[in-house]
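Encoded as structure tokens, the structure appears first; notes follow it.
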Amino acid sequence: MSLGCAHSLNATGVAGDPASPVHRLDPRAKIVGLAGITLVGVSTPPSHWPVLIACALALSAVAVAARVGPGVVWSRARVVLPLVVFVAVFVPFVRGGEQIDLGPFTVSREGLVTFASVASKAAIGTVSAVLLGATTSFPDVLHGLERMRAPRLLVLIAAFMYRYLFVIADEARRMRVALSARGYRPRHALQAAAIGRVAISLFLRTYDRAERVYVAMLARGYSGSTPRLNALVFRRADTLFLVGVAGALVPLRVLVGAS
Amino acid sequence: MSCVIEARGLQFRYPNGVAGLDGVDLSVGHGEHVAVLGPNGAGKTTLMLHLNGLLTGEGELAVAGIDVGRGDVRELRARVGLVFQDPDDQLFMPTVREDVAFGPLNLGASAAEASARVTEALATVRMEHVADRAPHQLSLGQRRRVAIATVLAMDPRLLVLDEPSASLDPRARRELLEMLSRIDRTMLVVTHDLPFAAELCERAVVLSAGRIVADGRCTDILRDEDLLAAHDLELPAGFDPALLRRQTVAAAA
Numbered sequence: 090m091s092l093g094c095a096h097s098l099n100a101t102g103v104a105g106d107p108a109s110p111v112h113r114l115d116p117r118a119k120i121v122g123l124a125g126i127t128l129v130g131v132s133t134p135p136s137h138w139p140v141l142i143a144c145a146l147a148l149s150a151v152a153v154a155a156r157v158g159p160g161v162v163w164s165r166a167r168v169v170l171p172l173v174v175f176v177a178v179f180v181p182f183v184r185g186g187e188q189i190d191l192g193p194f195t196v197s198r199e200g201l202v203t204f205a206s207v208a209s210k211a212a213i214g215t216v217s218a219v220l221l222g223a224t225t226s227f228p229d230v231l232h233g234l235e236r237m238r239a240p241r242l243l244v245l246i247a248a249f250m251y252r253y254l255f256v257i258a259d260e261a262r263r264m265r266v267a268l269s270a271r272g273y274r275p276r277h278a279l280q281a282a283a284i285g286r287v288a289i290s291l292f293l294r295t296y297d298r299a300e301r302v303y304v305a306m307l308a309r310g311y312s313g314s315t316p317r318l319n320a321l322v323f324r325r326a327d328t329l330f331l332v333g334v335a336g337a338l339v340p341l342r343v344l345v346g347a348s
Numbered sequence: 015m016s017c018v019i020e021a022r023g024l025q026f027r028y029p030n031g032v033a034g035l036d037g038v039d040l041s042v043g044h045g046e047h048v049a050v051l052g053p054n055g056a057g058k059t060t061l062m063l064h065l066n067g068l069l070t071g072e073g074e075l076a077v078a079g080i081d082v083g084r085g086d087v088r089e090l091r092a093r094v095g096l097v098f099q100d101p102d103d104q105l106f107m108p109t110v111r112e113d114v115a116f117g118p119l120n121l122g123a124s125a126a127e128a129s130a131r132v133t134e135a136l137a138t139v140r141m142e143h144v145a146d147r148a149p150h151q152l153s154l155g156q157r158r159r160v161a162i163a164t165v166l167a168m169d170p171r172l173l174v175l176d177e178p179s180a181s182l183d184p185r186a187r188r189e190l191l192e193m194l195s196r197i198d199r200t201m202l203v204v205t206h207d208l209p210f211a212a213e214l215c216e217r218a219v220v221l222s223a224g225r226i227v228a229d230g231r232c233t234d235i236l237r238d239e240d241l242l243a244a245h246d247l248e249l250p251a252g253f254d255p256a257l258l259r260r261q262t263v264a265a266a267a
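Here's what the structure looks like:
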């Protein structure tokens, strides 16, 4: 849990070339553009491959422009992707229709197509999110969402989560080390009770901390809103990016829908 | 108005019946650096929270010209800067720059004005180079200095620090001490690091069981072994308050 947890937290944040044209885009443009690519991909009916391929090409273009390498994309996508694909992996075995033999297995052709299509959509959605995260810092994403009128409370909760995730992960790591230092090595499920107590203790500490943070905020004049230092500026490059994404994908998607 | 803090018979009782403050009388003048010494549970933090109107007890308390409990709370919080013990409680924004700007923006500063104050405050604590980092990427010593900057950016008349030297390594402690001695403001330092108090403050008060039991020159108080022992305070072994740098400087002058 602990060390691995800290490790996976380190595998977040901006990657690639921070000076690239994609990194310099307004966060709002990237949120809308990449969510748009996901939406086009996800809403495409199964086996309309040209649209999915176009989405994949659009994502590749973004990745190349941002100089985010396939290694980074893979290392981040693999955290989420297996969970999503796992759900779809049984479809070829249970779906009826024409059956084909694949070595020891007999699978449904229709099921295979469904699986391939679901897996590609999952990959498009995941890679879009990974690219947003690799080209935009989390605070910028939040700022963008705030300016796009996302509920302030949700944005504030996400901001606190981001800030204190590291603090709590660190506390969890220290408690885990302290358990091991006293010879704690669970061999079966019944001995896992100590982990539960660690979780309770973490929860109580976090609750206490929340009160202290709130008092510290009040001490600095907090009165319900968090004013921002920098305003976001939507430039021509941002418009061009959105027009480019929309121009490449929307006509194709509309054609597919009409056919 | 002659005093920054003027407390008369200040009392506070927590909801569970425990007395936090039991009749505190304290006057602190402009530009003074005063150490508040006392064991855990003496009421040091309770007193600190009163100075900013976060707790209100009975008795009289005026801070920076504002009658606490009746005056303008927003203005009070602008004039009194509290630096809490754990910087992770104080730094909650995603970047250092935004965190330092939080106070000035709450006080109604424009973005340009807030930016200027951020630059100035970070320069005072020598942390300009971390402005765009996230707080969790900094060391404890760095986070504590940034926490001080978040309050300096509000340009307070009174700076209150809760255990500023806690858990710092000797070098970070030394740097913090040097940085704080350069800040020319009225300062209340709540601590049980007695040598730290002696180097930073010319005056000390001892708070014990919610009352001020001693008030005088810091070096005199630290030399009073009976007083320290009676209130669970202790100098590090081998530490001689007579050899303090402050004294040698005074003797040379």
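Chains as they are written, first to last, in our numbering: chain A, 90 to 348; chain G, 15 to 267. Note that CB positions come from ideal geometry on N, CA and C, so glycine has one too.
Proximal residues of chain G, C-beta to C-beta of residue i below 7 angstroms
i: V269 of chain A; result: It is worth fixing the name first, because residue 269 of chain A is Ser in this sequence and not Val. The premise fails here: S269 of chain A is roughly 23 angstroms from chain G at the closest Cβ pair, so nothing lies under 7 angstroms.
i: R298 of chain A; result: D103
i: A248 of chain A; result: P108
i: A104 of chain A; result: Simply none; closest approach about 16 angstroms.
i: L307 of chain A; result: L68
Cβ-Cβ distance between residue i and residue j below 7 angstroms
i: V196 of chain A; j: A155 of chain A; result: no
i: R159 of chain G; j: V144 of chain G; result: no
i: T331 of chain G; j: G95 of chain G; result: Chain G is shown only over 15 to 267; residue 331 of chain G falls outside these bounds and no answer can be derived.
i: L231 of chain A; j: V244 of chain A; result: yes
i: V113 of chain A; j: G233 of chain A; result: One detail in the question is off: residue 113 of chain A reads as Arg in this sequence, not Val. It is not a contact, given that the beta carbons lie outside the stated cut-off.
i: G52 of chain G; j: L221 of chain G; result: yes
i: R157 of chain G; j: P170 of chain G; result: no
i: A281 of chain A; j: Y273 of chain A; result: no
i: T215 of chain A; j: L148 of chain A; result: no
i: D113 of chain G; j: L105 of chain G; result: yes
i: V174 of chain G; j: M62 of chain G; result: yes
i: L293 of chain A; j: A261 of chain A; result: no
i: V157 of chain A; j: A223 of chain A; result: yes
i: G130 of chain A; j: I189 of chain A; result: no
Residue i versus residue j: straight-line alpha-carbon distance, rounded
i: L182 of chain G; j: L154 of chain G; result: 7 angstroms
i: A265 of chain G; j: D234 of chain G; result: Confidence at A265 of chain G is low in this model, with a pLDDT of 46, below 50, so the placement of that residue should be treated as unreliable; the coordinate-derived value is given next. When rounded, the distance between both Cα atoms is 15 angstroms.
i: G333 of chain A; j: A143 of chain A; result: 12 angstroms
i: V178 of chain A; j: L321 of chain A; result: 43 angstroms
i: A33 of chain G; j: T60 of chain G; result: 10 angstroms
i: C215 of chain G; j: D229 of chain G; result: 12 angstroms
i: V180 of chain A; j: A123 of chain G; result: 59 angstroms
i: A205 of chain A; j: A145 of chain A; result: 14 angstroms
i: T262 of chain G; j: A21 of chain G; result: Residue confidence is low: T262 of chain G scores 44 on pLDDT, short of 50, so the model does not pin down where it sits. Its coordinate-derived value is still stated next. Spanning the two alpha carbons is a distance of roughly 33 angstroms.
i: A126 of chain G; j: L307 of chain A; result: 23 angstroms
i: V103 of chain A; j: A212 of chain G; result: 46 angstroms
i: S136 of chain A; j: A326 of chain A; result: 34 angstroms
i: H96 of chain A; j: G43 of chain G; result: At H96 of chain A, the pLDDT of 46 sits below 50, so the modelled position is not reliable; the number obtained from the coordinates is stated separately. Near 51 angstroms, if we compare the C-alpha coordinates of G43 of chain G and H96 of chain A.
i: L128 of chain A; j: A152 of chain A; result: 18 angstroms
i: G105 of chain A; j: A166 of chain A; result: 15 angstroms
i: N54 of chain G; j: L190 of chain G; result: 23 angstroms
i: R236 of chain A; j: T315 of chain A; result: 13 angstroms
i: C232 of chain G; j: D102 of chain G; result: 30 angstroms
i: Y311 of chain A; j: F116 of chain G; result: 8 angstroms
i: K210 of chain A; j: A267 of chain A; result: 43 angstroms
i: G185 of chain A; j: T203 of chain A; result: 12 angstroms
i: L249 of chain G; j: I162 of chain G; result: 26 angstroms
i: S195 of chain G; j: F210 of chain G; result: 11 angstroms
i: E192 of chain G; j: L136 of chain G; result: 15 angstroms
Cutoff 8 angstroms; reference residue i; Cβ partners in own chain excluding five residues on either side
i: P193 of chain A; result: none
Partners in chain G for residue i, counting only beta-carbon separations shorter than 8 angstroms
i: S290 of chain A; result: Those do not exist, as S290 of chain A stays about 17 angstroms from chain G at its closest Cβ, beyond 8 angstroms.
i: R392 of chain A; result: In the structure displayed, chain A extends from 90 to 348; residue 392 of chain A sits before or after that span and is not available.
i: A239 of chain A; result: Per Cβ cutoff of 8 angstroms: no residues; A239 of chain A is ~16 angstroms from chain G at best.
i: Y77 of chain A; result: Residue 77 of chain A is absent from the model: chain A starts at 90 and stops at 348.
Other residues of its chain near residue i: CB distance less than 6 angstroms, five sequence neighbours each side excluded
i: E177 of chain G; result: Q99, T205
i: L24 of chain G; result: L35, V38, G71, G73, L75
i: F330 of chain A; result: L114, A118, G122
i: A267 of chain G; result: Since pLDDT at A267 of chain G reaches only 47, below the 50 mark, its modelled position is unreliable, and no value is offered.
i: V200 of chain A; result: Residue 200 of chain A is actually Gly in this sequence, not Val. Once the five neighbours on either side are set aside, the close Cβ partners of G200 of chain A are V180, P181, R184.
Residues that residue i contacts on chain A, provided the C-beta gap is smaller than 8 angstroms
i: R88 of chain G; result: G310, S312
Within chain G, partners of residue i - CB distance below 9 angstroms
i: L234 of chain A; result: Those within 9 angstroms of L234 of chain A in chain G number zero; the least Cβ separation is about 13 angstroms.
i: P181 of chain A; result: Those within 9 angstroms of P181 of chain A in chain G number zero; the least Cβ separation is about 44 angstroms.
i: P30 of chain A; result: Since the first and last residues shown for chain A are 90 and 348, residue 30 of chain A lies out of range.
i: R294 of chain A; result: Under the 9 angstroms cutoff, chain G gives no residues; its nearest Cβ is about 11 angstroms from R294 of chain A.
Same chain, Cβ closer than 7 angstroms to residue i, five either side skipped, listed in chain order
i: N319 of chain A; result: none
i: F227 of chain A; result: Y251
Contacts of residue i in chain A (Cβ-Cβ under 7 angstroms)
i: H150 of chain G; result: F255, V256
_Residues from the region 107-130 of chain G in contact with chain A, defined by Cβ distance under 8 angstroms_ = M107, P108, T109, R111, E112, A115, F116, G117, L119, N120, L121, A125, A128, S129
*asked:* Along the region 309-325 of chain A, where does the CB come closer than 9 angstroms to a CB of chain G? Name the residues.
replied: R309, G310, Y311, S312, S314, T315, P316, R317, L318, N319, A320
*Listed in chain order, which residues of the region 160-191 of chain G have Cβ atoms closer than 8 angstroms to some Cβ of chain A?*
T164, V165, M168
*Give the residues from the region 57-91 of chain G that approach chain A closer than 7 angstroms (Cβ to any Cβ), ordered along the chain.*
N66, L68, R88, R91
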